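Numbering (this note's numbering), first residue to last: 1 to 207.
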Ligand code: MN
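Dropping the structure here:
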């Protein structure tokens with residue numbers, strides 16, 4: 001198990017076939033303003049790859065984009081909506097098909113309102129995630145060891161969580177509903193980018 005840091009793109013051929021866990025780190029929560037700094041990706045076999053983009057990057061990254069846009073690879077995210085918008089805006093690809101562990105958690109863990117990755121991983125897998133570096137400066141020249149570990153840990157448990165959530169969705173007969181939500185996620189991200197970030201177009205409210 002190792003964390004690999006790459007500049008500007010993923011090397012070719014480092015990922016085994018199958019679903020990949022993906023996360024992003026940015027300069028903040030407003031996607032067009034706050035640039036994409038890091039994409040973390042793992043094939044679930046124990047290694048995490050961090051792809052770092054420096055200020056002024058052209059975000060060419062052909063290998064990374066090929067993986068993200070591969071229609072035969074499911075991308076596992078926790079809160080995919082944010083990552084999909086950042087990937088679409090900066091890398092220009094739609095990272096679908098998607099499985100979002102946060103949406104799956106909301107659909108099956110109806111006994112709690114704690115759907116953060118830390119709470120989910122603790123309950124399903126008994127692992128403790130540190131969130132200390134969550135709000136750190138991802139745009140610096142060097143990433144600290146703590147930042148690299150934090151960034152890698154955000155994709156480390158998504159395959160295991162996914163396997164359990166798939167079973168729970170089936171048990172509660174919500175697999176189809178979950179899939180419909182996942183399929184809508186790229187469009188939800190597009191609405192965010194197009195100027196409807198908080199407005200719920202399904203709501204009765206007019207404004
Ligand atoms: Mn993260």
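The C-beta atom is built at its ideal place from N, Cα and C for all residues, glycine as well. Fair warning: this is a prediction, and the values are worked out from it, not measured in the lab.
Check, Outcome
"CA nearest to the CA of residue 172, picked from 105, 198, 124", "105"
"Residue 223 and residue 10 closer than 8 angstroms at C-beta", "The displayed coordinates of the chain run from 1 to 207. Any statement about residue 223 would go beyond what the structure contains."
"Length at least 4, wholly inside the region 65–142: the alpha helix (DSSP H) runs in chain order", "80–91, 101–108, 117–125"
"Host alpha helix (DSSP H) of residue 4 (start-end)", "Careful: residue 4 lies outside any alpha helix (DSSP H), inside the beta strand (DSSP E) at 3–7."
"Per-residue DSSP class, three states only, for residue 50", "strand"
"Environment of residue 42 [buried if 16+ CB atoms lie within 10 Å]", "buried"
"Contact the region 149–166 vs the region 18–25: 3+ CB pairs below 8 angstroms", "yes"
"Assigned secondary structure, residue 16 (DSSP; H/G/I helix, E/B strand, else coil)", "coil"
"Residue from 120, 91, 135 with nearest C-alpha to residue 60", "91"
"Residue 120 beta carbon less than 8 angstroms from that of residue 52", "no"
"At least three beta-carbon pairs within less than 8 angstroms, the region 128–140 to the region 179–196", "no"
"Inter-residue CB distance, residue 40 and residue 141 (contact presumed, cutoff 8 angstroms)", "No, residue 40 and residue 141 are not in contact; Cβ-Cβ is about 19 angstroms, not under 8 angstroms."
"Distance, residue 15 Cα to residue 1 Cα", "13 angstroms"
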